[in-house]
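Okay, structure first, notes after.
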Amino acid sequence: MNMALSLSSAVGKQVQPLVGNFQGSFSMEQFFRRKEKVVIVMGATGTGKSRLAIDLATRFPAEIVNSDKIQAYEGLDVVTNKVTDEERRGVSHHLLGSIDPNSNFSSHDFTYHASVAIESILARDRLPIVAGGSNSYIEALVDDWAESRFRYEFCFLWVDVSMPILQKFVSDRVDRMVDGGFVSEVREFFDPEGDYSRGIKRAIGVPELHDYLRAESDDADERTLTILLELAISKIKDNTCQLALRQLQKIRRLRNKRNWNLQRLDATGVFLTDGGNPNDAWDTFVLQPSLRIVDQFLSDDRRLITTPIVSPEAAPLVAAVSR
Numbered sequence: 576m577n578m579a580l581s582l583s584s585a586v587g588k589q590v591q592p593l594v595g596n597f598q599g600s601f602s603m604e605q606f607f608r609r610k611e612k613v614v615i616v617m618g619a620t621g622t623g624k625s626r627l628a629i630d631l632a633t634r635f636p637a638e639i640v641n642s643d644k645i646q647a648y649e650g651l652d653v654v655t656n657k658v659t660d661e662e663r664r665g666v667s668h669h670l671l672g673s674i675d676p677n678s679n680f681s682s683h684d685f686t687y688h689a690s691v692a693i694e695s696i697l698a699r700d701r702l703p704i705v706a707g708g709s710n711s712y713i714e715a716l717v718d719d720w721a722e723s724r725f726r727y728e729f730c731f732l733w734v735d736v737s738m739p740i741l742q743k744f745v746s747d748r749v750d751r752m753v754d755g756g757f758v759s760e761v762r763e764f765f766d767p768e769g770d771y772s773r774g775i776k777r778a779i780g781v782p783e784l785h786d787y788l789r790a791e792s793d794d795a796d797e798r799t800l801t802i803l804l805e806l807a808i809s810k811i812k813d814n815t816c817q818l819a820l821r822q823l824q825k826i827r828r829l830r831n832k833r834n835w836n837l838q839r840l841d842a843t844g845v846f847l848t849d850g851g852n853p854n855d856a857w858d859t860f861v862l863q864p865s866l867r868i869v870d871q872f873l874s875d876d877r878r879l880i881t882t883p884i885v886s887p888e889a890a891p892l893v894a895a896v897s898r
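Quick note on our numbering: the sequence shown kicks off at 576 and runs consecutively.
Spelled out as structure tokens, the structure:
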């Protein structure tokens, strides 16, 4: 039975266990049917992945599947920098703020739920756009799930920004997030025992604020609280910059070692528009090239599987058909 096709497209707030062998059963249809097309938007934090995914979804009949492991959890909307309802512009999002914040949402869980969402989107004759910064999730969906290459053809869009420029941007963004209620959100997840190893509590910003929130609960003086808050914000900035660097390194590894055909879009110019219009720069450097790439991808009918990756169990049957 094809598990992904048989399940409801609704994803509950509680992560459901994976049942049986997720690889699914072998069928000859997998080898000869046309592959469905999926767009994947990648990039380090702060590069504009969500913006590009939404821009594309307003120009093609599409829905978005979130692939950010922290944004998948319910809560901490400011801390995790989730797109707002206004920013979504009416585009349907899946796996965004829908997972129990106390659960551990693994890459295997993501593959399962993302495949269900993708199949539900395709069933409505719409384009699935997978977007987010958790490249381990994307790698699991594309390469670690055996059926993926049988079912889907992928178009990879990589939004890239010069790292020194990006790190200054994400540091400034932390200041804006603090002004927007960052600390108040984290306060609700403060753990006196300091256990931030599970679920949404792993989000950058939650463990970093522990000492400040503990001192606050102990009625520390204002000077102490000010110092601890400044230290926490500095650590949040450092850890966010380190995250961006790790994400970039992972993307390069996927390109070089996994041989993914990543379409690189250099968005550095968008962040350097001193006195200019950043929207014009975005349109020039990112959106228009992306529209051309996706349009060509969707109009390309060469979707028949020619070199399938065959499991050991299926190999004898494939060999028999090939004779």
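For every residue, glycine included, the Cβ atom is placed at its ideal position computed from N, Cα and C.
Exclusion of the five residues before and after Leu784 leaves Val761 and Ala807 as the residues of its chain whose Cβ lies within less than 6 Å of its Cβ. Straight across, the Cα-Cα distance linking Lys810 with Ala819 is about 14 Å.
Ala706: member of the beta strand (DSSP E) spanning Leu702 to Ala706, first to last residue. The C-beta of Lys657 has 16 or more other C-beta atoms within 10 Å across all chains shown, which makes the residue buried. The residue among Glu649, Gln817 and Arg830 with its C-alpha nearest the C-alpha of Gln742 is Gln817.
In summary, Leu627 is buried, with 16 or more beta-carbon neighbours lying within 10 Å of its beta-carbon over all protein chains present.
Annotation: the continuous beta strand (DSSP E) that includes Arg839 extends over Leu837 to Asp841. Non-local beta-carbon contacts of Ser625 in its own chain, meaning distances under 7 Å to residues more than five positions away in sequence, involve Val658 and Ala706 in chain order. When the Cα atoms are used, Gly672 and Ala647 turn out to be separated by approximately 5 Å. Nearest in C-alpha terms to Leu732, of all of Ala842, Lys610 and Arg609, is Ala842. Between Lys812 and Val869, the CB-CB gap reaches or exceeds 7 Å. In this structure, DSSP gives Arg821 a helical state, which the three-state scheme calls helix. Secondary structure at Arg609: strand, using DSSP grouped into helix, strand and coil.
In the three-state reduction of the DSSP assignment, Leu732 falls in the strand class, which pools E and B.
A straight line joining the alpha-carbon of Gly769 with that of Trp720 spans about 35 Å. In the three-state reduction of the DSSP assignment, Tyr771 falls in the coil class. Contact annotation: Gln822 and Ala619 have beta-carbon atoms nearer than 7 Å. By the Cβ neighbour-count rule, Arg828 is exposed, with fewer than 16 other Cβ atoms within 10 Å of its own. Contact check for Ala632 against Ile693 fails: the beta carbons are separated by 7 Å or more. For Cys730, the closest of Ala715, Phe846, Gln863 and Arg839 by C-alpha to C-alpha distance is Arg839. If the five residues before and after Leu702 are omitted, its C-beta is found closer than 6 Å to the C-beta atoms of Phe635 and Ala637, all from its own chain and listed in chain order. For Ile693, the secondary structure class from DSSP, reduced to helix, strand or coil, is helix. Asp630 has its alpha-carbon roughly 9 Å from the corresponding atom of Leu866. In the three-state scheme derived from DSSP, where H, G and I count as helix and E and B as strand, Ile629 is classed as helix. Note that the C-beta distance between Ala715 and Ser682 is below 7 Å.
Rounded to whole angstroms, the gap between the alpha carbons of Asp660 and Asp652 is 11 Å.
Taking a C-beta distance under 7 Å as the contact criterion, Ala689 and Val736 do not qualify as a contact pair. The C-beta separation of Lys610 from Ser709 comes to about 24 Å, leaving the pair out of contact by the 8 Å criterion. Note on geometry: alpha-carbon atoms of Gly650 and Ser642 lie some 16 Å from one another. Beyond the five residues adjoining it in sequence on each side, Arg726 comes within less than 7 Å, by CB distance, of Lys610 and Glu611 in the same chain, given in chain order. Straight-line measurement puts the Cα of Val745 at about 10 Å from the Cα of Asn814. Within its own chain, the residues whose Cβ lies closer than 7 Å to the Cβ of Leu800, once the five positions on either side in sequence are excluded, are Tyr787, Ala790 and Glu791, listed in chain order.
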